[in-house]
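Visitor: Below: one structure in structure tokens.
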Amino acid sequence: QKEVEQNSGPLSVPEGAIASLNCTYSDRGSQSFFWYRQYSGKSPELIMSIYSNGDKEDGRFTAQLNKASQYVSLLIRDSQPSDSATYLCAVQLLGVFGNEKLTFGTGTRLTIIP
Amino acid sequence: GAGVSQSPSNKVTEKGKDVELRCDPISGHTALYWYRQRLGQGLEFLIYFQGNSAPDKSGLPSDRFSAERTGESVSTLTIQRTQQEDSAVYLCASSLAVRGPLKTQYFGPGTRLLVL
Chain D
1 QKEVEQNSGP LSVPEGAIAS LNCTYSDRGS QSFFWYRQYS GKSPELIMSI
51 YSNGDKEDGR FTAQLNKASQ YVSLLIRDSQ PSDSATYLCA VQLLGVFGNE
101 KLTFGTGTRL TIIP
Chain W
115 GAGVSQSPSN KVTEKGKDVE LRCDPISGHT ALYWYRQRLG QGLEFLIYFQ
165 GNSAPDKSGL PSDRFSAERT GESVSTLTIQ RTQQEDSAVY LCASSLAVRG
215 PLKTQYFGPG TRLLVL
């Protein structure tokens, strides 16, 4: 079982619709959860972070966390063509020497169709 | 302010040669991470530095890989006797070392390494 699992996609969503991206993780000790957006050939860019159960909203983005189900999701409202990218789910776990490395899923490729 | 910088941005080398990759973290960020991203894959953790503490090298794939960091500044990742499977984007990230959750890691632009 992979530590962080995402549907690789591609996920195609019409412009203006809601895009829903999902992620599950295996380690119950995981503390914090991040969504990064990565355009082709570019480095990851932080979109959302969450560590408490429930929803966290920032503009068009909402992160949802359910620790009991070990599930985190990202909703993108009013999807725009510029949202087309690969979305990486990352889980943070306190490790040795205070190492808070991120463990990443393989990413979901999202395409917004004009 | 300035973000994380990395150099070179691209590196092409021949199998068996050594390469050195450089990372300059955000000023004031005491935590520094190296990750590797193979084509079409997620990021794999390589090594972690925190101030003057011993680094966590648990992610290094072989003894051909090593990294150093001078205090809380620049880090270099060295790959000796490169192999074709080392071809990947090498990403550096830095973060503040503060108590509590959500220590956001900020990524540099990466070094794209191609081993021929």
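Top line first, the protein sequences correspond to chains D and W. Quick note: the first sequence, position 49, residue 49 per this note's numbering, numbers continuous. Quick note: the second sequence, position 34, residue 148 per this note's numbering, numbers continuous. Each residue gets a CB set at the ideal place from its N, CA and C atoms; glycine is no exception.
Given this structure, state the Cα-to-Cα distance separating D/Met48 from W/Phe163, to the nearest angstrom.
Guide: Rounded to whole angstroms, D/Met48 to W/Phe163 spans 24 Å at the Cα level.
Visitor: Tell me, which residues are paired with W/Ala211 by DSSP?
Guide: In DSSP, W/Ala211 forms no bridge with anything.
Visitor: Give the straight-line distance between the Cα atoms of W/Lys171 and D/Gln6, rounded to the nearest whole angstrom.
Guide: C-alpha separation (whole angstroms): 26 Å.
Visitor: Which residues in the same chain have their Cβ closer than 7 Å to the Cβ of D/Gln80, if we skip the five residues on either side of it in sequence?
Guide: Hits under 7 Å: Glu15, Ile112.
Visitor: Provide the residue span of the beta strand (DSSP E) that contains D/Gln70, from first to last.
Guide: Per DSSP, D/Gln70 belongs to no beta strand (DSSP E) and is neither H nor E.
Visitor: Less than 8 Å between the CB atoms is what I'm expecting for D/Ser20 and D/Gln92, so what's the real figure, rounded?
Guide: That belief does not hold up - the Cβ atoms of D/Ser20 and D/Gln92 are roughly 22 Å apart, past 8 Å.
Visitor: When the Cα atoms are used, what is the spatial distance from D/Tyr71 to W/Tyr220?
Guide: Those two C-alpha atoms are separated by around 24 Å.
Visitor: Does the segment 173-186 of chain W come within contact of the segment 154-162 of chain W, defined as at least 3 CB pairs closer than 8 Å?
Guide: A contact exists between the segment 173-186 of chain W and the segment 154-162 of chain W.
Visitor: Once DSSP output is grouped into helix, strand and coil, what is the label at D/Asp58?
Guide: Looking at D/Asp58 - three-state DSSP - the assignment turns out to be strand.
Visitor: What does the alpha-carbon distance come out to for the pair D/Leu88 and W/Asp200?
Guide: C-alpha separation (whole angstroms): 22 Å.
Visitor: Note down, in chain order, all residues in the segment 134-150 of chain W with a beta-carbon under 7 Å from any beta-carbon belonging to chain D.
Guide: Within the segment 134-150 of chain W, the residues whose Cβ lies closer than 7 Å to some Cβ of chain D are Tyr147, listed in chain order.
Visitor: Look up W/Asn124 in the DSSP assignment and give the residues it is bridged to.
Guide: W/Asn124 pairs with W/Arg226.
Visitor: Between D/Ser8 and the rest of its own chain, which residues show a CB-CB distance below 8 Å, the 5 nearest in sequence each way excluded?
Guide: If we look at D/Ser8 and ignore the five residues flanking it on each side, its Cβ neighbours are Thr106, Gly107, Thr108, Arg109.
Visitor: W/Thr218 CB to nearest chain D CB: under 8 Å?
Guide: Yes, W/Thr218 lies at the interface with chain D (some Cβ there is under 8 Å from its Cβ).
Visitor: Report yes or no: do the segment 117-125 of chain W and the segment 48-66 of chain D share at least 3 C-beta pairs separated by less than 8 Å?
Guide: Taking 8 Å as the limit for Cβ pairs, the verdict is that the segment 48-66 of chain D does not touch the segment 117-125 of chain W.
Visitor: If contact means a Cβ-Cβ distance below 7 Å, which residues of the segment 36-68 of chain D contact chain W?
Guide: Against chain W - using a Cβ distance shorter than 7 Å - the residues of the segment 36-68 of chain D are Ser43, Pro44, Leu46, Ser49, Tyr51.
Visitor: When the Cα atoms are used, what is the spatial distance from W/Thr196 to D/Leu102?
Guide: C-alpha separation (whole angstroms): 26 Å.
Visitor: Quick check: the Cα distance between D/Ser52 and W/Leu210, rounded to an integer number of angstroms?
Guide: About 20 Å.
Visitor: Do the CB positions of W/Cys137 and W/Gln120 come within less than 8 Å of each other?
Guide: Yes, the Cβ-Cβ distance between W/Cys137 and W/Gln120 is below 8 Å.
Visitor: What are the residues that DSSP puts in a beta bridge with W/Ala202?
Guide: W/Leu227, per the DSSP bridge assignment.
Visitor: If you measure between the beta carbons of W/Thr225 and W/Leu135, is that distance less than 8 Å?
Guide: Yes, Cβ-Cβ distance for W/Thr225 and W/Leu135 is below 8 Å.
Visitor: Where does the unbroken beta strand (DSSP E) through W/Asp138 begin, and where does it stop?
Guide: Looking at the DSSP string, the run of the beta strand (DSSP E) that includes W/Asp138 is 133-138.
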